[in-house]
Amino acid sequence: MTPRITLNHLNFEVTDNNEPKQLLNDLNLTINPGEFVVLLGANGAGKSTFFNTIAGDLTPTSGQLLFNDHDITKQSAQQRTRLISRVYQDPKLGTAADMTVAENILLAMRRGQRRRLFPRRLKQQLPQIKALAKTLPNHLDQQLNRPVSNLSGGQRQTLNFLMATIQKPELLLLDEHTSALDAVSSQALMTFTNQTIRDNQLTCLMITHDLEDALQYGNRLLVLKAGKLIADLNATEKQALTVDTLLDYLN
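Shown next as C-alpha cells:
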C-alpha cells in the first residue's frame with residue numbers, strides 16, 4: 001500500500017528573541033489511506049504548525065513531505081487544494097458569508113476545477129445540492145436560500161464540513177472543528193463526521209482537545225509534545241487508554 005502521507009525528518013524552526021526555536025523536531029511519520037488519526041497535544045505542542053506544514057501554509061526548515069510517494073515539500077497551499085481539504089476551528093472560515101447555502105455548496109462542488117468564466121447553472125444543480133444538504137443533521141436542506149451569515153455556528157460549521165468533503169479529498173484535516181460549538185452541536189457534528197469518514201473511507205487527521213472524543217473516535221492516536229512525536233498508538237493500544245492515561249502523555 002502506498003502511504004498517503006510520509007514525513008521524513010521534518011523540522012520547522014523559527015527565531016524567538018534571536019534564539020532558534022524548534023516548533024517541529026525531526027518528525028518521522030507514515031499515514032496510510034483510510035486511517036482516521038487523532039492528534040493530541042497541549043498548547044504550544046506544535047499541532048497547528050504540523051497542520052500548516054501539511055497543508056502548505058508553511059514550508060519546512062528541513063526534511064521531506066511525501067504525498068502518495070510524490071515529494072510536495074515545496075508545493076504551495078494552492079497547489080495542494082486538489083489533494084487536501086481543511087475545516088478550521090472558527091465556523092466563519094471556509095464559507096462565503098454573503099452567499100446562500102446553495103451557492104456555497106455549488107462552489108464546493110466545483111472545487112479544484114480549472115478557473116474560468118461560466119454560467120452558475122444554480123437552478124439546474126439544485127436537486128443535487130438539496131440531496132447533499134439533506135444528509136446533514138441540522139435541516140440545512142430547508143435553508144438553501146438563506147445567507148450563510150445568518151446561520152448558527154453549528155449550522156455553519158456543519159456546512160463547512162460538507163463543503164470540505166463533497167469532493168472526497170485524499171486527505172481531510174480537521175483543526176479542532178467542533179471546539180467552538182455548544183455541546184449538542186459539537187456531538188451532532190462529531191457523529192456526522194465519523195459516519196462520513198467511515199462511509200467514504202477518507203484519510204483524516206483531526207486535532208482535538210476533547211479527551212473523550214480522542215478516545216471515542218479514530219483508529220490511531222498521535223501525541224505531540226514540544227514539537228516531537230512522543231506517542232503513536234494503533235487502534236488496539238488506543239482502546240486500552242483512559243482519560244487519566246491521556247493526561248499522563250500531555251503533562
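Using the UniProt record's numbering, read the sequence shown as starting at 1 and increasing by one per residue.
Glycine residues also receive a C-beta, built at the ideal position from the N, C-alpha and C atoms.
Keep in mind that this is a model prediction, so the values were computed, not measured.
> Under the three-state reduction of DSSP, which class applies to Met-190: helix, strand or coil?
Replying inline: helix
>> Short of 7 Å in beta carbon distance, which residues of its chain neighbour Lys-134, apart from the five on each side in sequence? Order them along the chain.
In response: Asp-141
> Of all the CB atoms in chain D, is at least one closer than 9 Å to the CB of Leu-132?
Replying inline: Note that chain D does not occur in the displayed structure, where there is just one protein chain.
>> If you measure between the beta carbons of Leu-39 and Thr-208, is that distance less than 9 Å?
In response: yes
>> Threshold first: 4 residues or longer. Then list the alpha helix (DSSP H) segments lying entirely within the stretch 177 to 230, N to C.
In response: 183 to 200, 211 to 216
> Since Ile-31 is in the alpha helix (DSSP H), which residue starts that stretch and which ends it?
Replying inline: Element bounds for Ile-31: not the alpha helix (DSSP H) but the beta strand (DSSP E), 19 to 31.
> For His-70, which beta-bridge partners are listed by DSSP?
Replying inline: Phe-67
> In three-state terms, what does DSSP make of Tyr-249?
Replying inline: helix
> Whole-angstrom Cβ separation of Leu-211 and Val-243, contact assumed at under 8 Å?
Replying inline: 5 Å
> So, is Lys-47 buried or exposed, given that buried needs 16 or more other C-beta atoms within 10 angstroms?
Replying inline: buried
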